[in-house]
Structures are given as structure tokens and as C-alpha cells.
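Enquirer:
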Amino acid sequence: MFFLKIKKKFIKYVILLFLILLNLINYSYSKVTTEELNDIVNKLNYLYGTYITVQIYPTNLGAMATGQKIVFIDPSFVENESYEAIFGVLAHEWAHEVLNHIPQVFMYQWMSGMNTYATNVYNQQKELEADYYAGRALKMANLPLQPFLDLLIRFNSSMDFTHPYLRSHPSTPERINAATMGYNSI
Ligand SMILES: [Zn+2]
Numbered sequence: 645m646f647f648l649k650i651k652k653k654f655i656k657y658v659i660l661l662f663l664i665l666l667n668l669i670n671y672s673y674s675k676v677t678t679e680e681l682n683d684i685v686n687k688l689n690y691l692y693g694t695y696i697t698v699q700i701y702p703t704n705l706g707a708m709a710t711g712q713k714i715v716f717i718d719p720s721f722v723e724n725e726s727y728e729a730i731f732g733v734l735a736h737e738w739a740h741e742v743l744n745h746i747p748q749v750f751m752y753q754w755m756s757g758m759n760t761y762a763t764n765v766y767n768q769q770k771e772l773e774a775d776y777y778a779g780r781a782l783k784m785a786n787l788p789l790q791p792f793l794d795l796l797i798r799f800n801s802s803m804d805f806t807h808p809y810l811r812s813h814p815s816t817p818e819r820i821n822a823a824t825m826g827y828n829s830i
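Just so you know, we're using the working numbering here: the sequence shown kicks off at 645 and counts up by one.
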């Protein structure tokens, strides 16, 4: 009985230690903490006058607006990108939501496994518009523009020829121009 008690306590401590370790690993691998991500979400909701939530969810687009006031962000972005870059990426997705860029059919198509890119849910004009607003939001939050541009250059260029959706995507210089125009508009 005595040993059983010790065993129970021991297991409890092992689990606790495991959870603490898991937290430490999360912190050391993630550039942006949960608090910082929440901070970005709150600031964007204030700037855009809306209420949108963010979900960490795998998407090969890096981040994705759903048209349902929910924005997905890929775990790799949270793990590797800076606060400023993520702010720009999410400000871009916030613009898609607020400007009603995503038709209501999008989530249905996406969930049923249809190729949402082939149906031209996204288009160049909308992308440039969202980039313009991302630049604007960064300026309004007193953040530098360059980290977002660096991410655009890296991400957009690497996907230019491989991703089906990005074939009809604006070129990287066009996107940089749109974001810079937005940044300088204030
Ligand atoms: Zn977009």
C-alpha cells in the first residue's frame, strides 16, 4: 500500500515534469509566443474594427483566410517567423476577411477537398489589395515594413513555379510595391 502511494505520486511528478519540458521545448522552438500571437490578433482586431480569431493549423499557403472570421496560420510560421513578419501576414489575411474577399462557398469547397485555387477564389487584384492593407496596418502599429517584405520575397518567390494557385499570383515585385504603397499611405 505504501509503495503504491509512492508510485502514484511518482507518476504524477513524471507527468508534471513532462508537461514542463513540453512547454520549454515549445518556447525554445517558437519565435512568437502565444502571448505575442494574441497581442497581434488584438491589435489587428482593433485596427480593422472587427473580431477575427486565429487558429494554428497546417496550410501550405502559410496563412489562410476562410471567410468565416477565422484565419489559419501554419505552425512553421509561428515557429520560424518574427513578430513583425507575422503581423504583416495576418494583417494581409485580416484584409481578405474584412473586405469580403472570400466567397461563402470557400469553406465548403475546401472541406470537401475541392481545388479551391482552380475555382479562382483568390485573384491577383485581391492579393494586391490585401498586401496594401498589410502595409498600412504595419504603419498604423508603428512596426517596420521590411520583415514582412523579406517574408514575401522568400515565400512568394519560392512558390512562384510550384504552387498551382501562385501561377496566377501577382509577382513578388508587384506585391512589394502594393505593401510599400500601403505603408506610405499614412
Ligand atoms: Zn492573400
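We treat Cβ as the ideally placed atom computed from N, Cα and C, and that holds for glycine. Fair warning: this is a prediction, and the values are worked out from it, not measured in the lab.
Of the choices Q699, T677, W754, whose alpha-carbon is the least far from that of Y727?
Expert: Against the sequence shown, residue 727 aligns to sequence position 83. It is T677.
Enquirer: Check N821 in the structure and name its three-state DSSP category.
Expert: As a working note, residue 821 is residue 177 in the sequence shown. Reduced to three states, the DSSP call for N821 is helix.
Enquirer: Short of 8 Å in beta carbon distance, which residues of its chain neighbour T806, apart from the five on each side in sequence? Order them along the chain.
Expert: Against the sequence shown, residue 806 aligns to sequence position 162. Bear in mind that a pLDDT of 48 at T806, under 50, signals an unreliable position, so the model cannot answer this.
Enquirer: Please go through the same chain and pick out, in chain order, the residues whose beta-carbon is closer than 7 Å to the beta-carbon of P702, but skip the five residues on each side of it.
Expert: On the sequence shown, position 58 is the one that residue 702 refers to. Correct list, in chain order: D718, P719.
Enquirer: With respect to the alpha helix (DSSP H) encompassing Q768, which residues constitute its N-terminal and C-terminal limits?
Expert: Along the sequence shown, read from residue 1 onward, the residue named residue 768 stands at position 124. 768-784 is the span of the alpha helix (DSSP H), which, as asked, contains Q768.
Enquirer: Residues in its own chain within less than 8 Å of D794 by CB, not counting five upstream and five downstream?
Expert: Here residue 794 corresponds to residue number 150 of the sequence shown, with the count starting at 1. Cβ within range, chain order: A729.
Enquirer: Residue range of the alpha helix (DSSP H) that T678 falls in?
Expert: Position 34 of the sequence shown holds residue 678. Run containing T678: 678-692, per the alpha helix (DSSP H) assignment.
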